[in-house]
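**Q**
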Amino acid sequence: MTDSSQRLTVQVDLGPRSYEIAIVSDELRSVAQDLERWLERLTYRPHRIGSALVVTDHNVRGPHGERVCEALRHAGWRCELISLEPGEQSKSLRAIAPIYDALVAMKADRHTVVVATGGGVVGDAAGFVAATYTRGVPYLQVPTSLLAQVDSSVGGKVAVNHSQAKNLIGAFYQPVGVFIDTDTLNTLPDREYRSGLGEVVKYGVIQDAEFFAYLEAHSDDLNDREPGVLRYIVARCCRLKADVVEQDEFERTGLRSILNYGHTFAHAFEALSHYDQLLHGEAVAIGMIYASRLAERMKLIEPDVTQRQLDLLKRLHLPTRLPDPRQFTPEAVLDRMKLDKKAVSGRLRFVLPTRLGHVELFKDVSEHDVRAVLEEMAGS
Ligand SMILES: NC(=O)c1ccc[n+]([C@@H]2O[C@H](COP(=O)([O-])OP(=O)(O)OC[C@H]3O[C@@H](n4cnc5c(N)ncnc54)[C@H](O)[C@@H]3O)[C@@H](O)[C@H]2O)c1
Ligand SMILES: [Zn+2]
263 MTDSSQRLTV
273 QVDLGPRSYE
283 IAIVSDELRS
293 VAQDLERWLE
303 RLTYRPHRIG
313 SALVVTDHNV
323 RGPHGERVCE
333 ALRHAGWRCE
343 LISLEPGEQS
353 KSLRAIAPIY
363 DALVAMKADR
373 HTVVVATGGG
383 VVGDAAGFVA
393 ATYTRGVPYL
403 QVPTSLLAQV
413 DSSVGGKVAV
423 NHSQAKNLIG
433 AFYQPVGVFI
443 DTDTLNTLPD
453 REYRSGLGEV
463 VKYGVIQDAE
473 FFAYLEAHSD
483 DLNDREPGVL
493 RYIVARCCRL
503 KADVVEQDEF
513 ERTGLRSILN
523 YGHTFAHAFE
533 ALSHYDQLLH
543 GEAVAIGMIY
553 ASRLAERMKL
563 IEPDVTQRQL
573 DLLKRLHLPT
583 RLPDPRQFTP
593 EAVLDRMKLD
603 KKAVSGRLRF
613 VLPTRLGHVE
623 LFKDVSEHDV
633 RAVLEEMAGS
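First residue of the sequence shown: 263, per this note's numbering; consecutive thereafter.
1. Tell me which same chain residues have a C-beta within less than 7 angstroms of the C-beta of alanine 471, skipping the five on either side of it?
2. What number of angstroms, rounded off, separates the C-alpha of alanine 337 from the C-alpha of glycine 439?
3. Among the residues of its own chain, which have a CB less than 8 angstroms from the CB of phenylalanine 474, if the five just before and after it don't count?
4. Quick check: what's the CA-CA separation for tyrosine 281 versus arginine 329?
5. When the Cα of arginine 360 is compared with those of Tyr395, Gly641 and Arg269, which residue comes out closest?
6. What does a CB cutoff of less than 6 angstroms around threonine 240 pick up in its chain, not counting 5 residues either side in sequence?
7. Could you please give the first and the last residue of the uninterrupted alpha helix (DSSP H) stretch that includes asparagine 485?
8. If you draw a straight line from the C-alpha of phenylalanine 612 to the C-alpha of leucine 562, how long is it?
9. Give every residue of the same chain whose Cβ lies closer than 7 angstroms to the Cβ of histidine 424, excluding the five residues on either side of it in the sequence, and list them in chain order.
10. So, for arginine 577: in the same chain, excluding its five sequence neighbours on each side, which residues have a beta-carbon less than 7 angstroms away from its beta-carbon?
11. For the pair the segment 272–289 and the segment 490–508, tell me if three or more CB-CB distances fall below 8 angstroms.
12. Taking 9 angstroms as the cut-off, decide whether the C-beta atoms of phenylalanine 390 and valine 420 are in contact.
13. Pull up the distance between the alpha-carbon of arginine 291 and that of leucine 315, whole angstroms please.
14. Can you list, in chain order, the residues of its chain with a C-beta nearer than 8 angstroms to that of proline 278? Leave out the 5 residues immediately preceding and following it.
15. Taking the alpha carbon of arginine 498 as the reference point, which residue from Glu461, Ser519, Asn522 and Pro437 has its own alpha carbon closest?
16. Nearest CA to the CA of alanine 545: which residue from Glu558, Met560 and His529?
17. Which runs of the alpha helix (DSSP H), 4 residues or longer, sit entirely within the segment 352–391?
18. Taking all protein chains shown into account, do 16 or more other C-beta atoms lie within 10 angstroms of the C-beta of glycine 349, making it buried, or fewer, making it exposed?
Right, here's the structure in full:
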């Protein structure tokens, strides 16, 4: 497990859009080999080494983006690089326009590969460009934030935001492969890293009690970013997300909604704090505790299920309560939840655990119960 040479792979089975996720440590230089192997499998004519555009952001460019480009050049690729401002603002039509310009300038054709090297912002934005430039060019994901490695790089959702709504302009577009080097996490700021761990814990609660127990047993290694443990947890999360995506690629059956455990609360908290107090994974950590308390109230689980989540999140130094509950009055949170696109005709929908490792979608949760949980948590 801790052998740094050990590579793990996860196969995402989506018929003609199937692809592989490679999880390695300290092997960024070998990215070209995997890319070439993946393109070979995919194309209708023999793959030739061609051109690539690495899309990154200013934080990731120095430590990782340049290295990916160099590795490709070393293997004979013509590689250009473009870097975006870090942050959610770069997921906009205005911010991605220069990526199309760069593709035009390098005379990119349908074989030019877009290589998204960065967090979820870069992955979503570059993926959207790849889906639309000449109606689709191949793209490779090289996620460098923990959230991107365990969540956004898997599943093919690509998008930019509209000023009125997040992810409004997008597509389902699968990459040719995902190349994850856990060593890229060494430069990730502590808070961003922990935020990603919030989503990791989520997978244990929704799908895999054994994985949850593994996280409990390895919380010290997680805090130390131990490479072998990181490879294992990233691979496990990718496998769990792939299981869901394989059954509901285009978000039609509703199964994909289980990934939203903790998110109905989290989205409301994020919106009420104007997206600048809580990182997404922090809001999810708090949201999971609220959702779990709601499940307790509805007699779906015993208190120990909530307690184990609380203990684990605390050991990973994630918040489990709102910074200032007075800012999030039950009324304001409820109003916000009703605005959420996932609230169908004013009904409150929640993904709730029925035991550790299993969740179900409840489509009509009583407002009374939600209010009671919000009041209880605000007062506790
Ligand atoms: N497509 C999907 O299915 C999906 C799923 C979940 C989230 N998302 C999207 O993902 C985005 C959030 O992703 P995120 O949390 O990775 O945000 P992000 O891309 O903004 O990255 C967070 C911060 O970490 C920096 N960073 C990333 N990797 C780094 C590294 N290795 N070293 C140093 N700094 C690094 C970035 O520059 C940024 O400042 C949101 O836009 C969200 O909508 C998409
Ligand atoms: Zn999330």
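Note that the Cβ used here is the ideal one computed from N, Cα and C, for glycine as well.
**A** Working from what's here:
1. Once the five neighbours on either side are set aside, the close Cβ partners of alanine 471 are Leu618 and Gly619.
2. Approximately 18 angstroms, taken between the alpha carbons.
3. Within the same chain, phenylalanine 474 has close Cβ partners Val463, Gly466, Val467, Arg570, Leu574, Leu618 and Gly619.
4. Cα to Cα, tyrosine 281 sits roughly 23 angstroms from arginine 329.
5. Before going on, a small fix: residue 360 reads as proline here, not arginine. The residue with the shortest Cα to Cα distance from proline 360 is Tyr395.
6. Residue 240 lies beyond the stretch modelled for the chain, which goes from 263 to 642, so this question has no answer here.
7. 481–485 is the span of the alpha helix (DSSP H), which, as asked, contains asparagine 485.
8. In a straight line, the C-alpha of phenylalanine 612 is about 13 angstroms away from that of leucine 562.
9. If we look at histidine 424 and ignore the five residues flanking it on each side, its Cβ neighbours are Leu430 and Ile431.
10. Excluding residues within five positions, the ones whose Cβ falls inside 7 angstroms are Ser481.
11. Enough Cβ pairs lie closer than 8 angstroms, so yes.
12. Their beta carbons are under 9 angstroms apart, which means phenylalanine 390 touches valine 420 by this criterion.
13. Cα to Cα, arginine 291 sits roughly 16 angstroms from leucine 315.
14. Once the five neighbours on either side are set aside, proline 278 has no close Cβ partner at all.
15. In terms of Cα proximity to arginine 498, the closest of Glu461, Ser519, Asn522 and Pro437 is Glu461.
16. Of the listed residues, the one whose Cα sits closest to alanine 545 is His529.
17. The segment 352–391 contains these whole alpha helix (DSSP H) runs: 355–367.
18. Classification of glycine 349: exposed, given that the 10 Å Cβ count is below 16.
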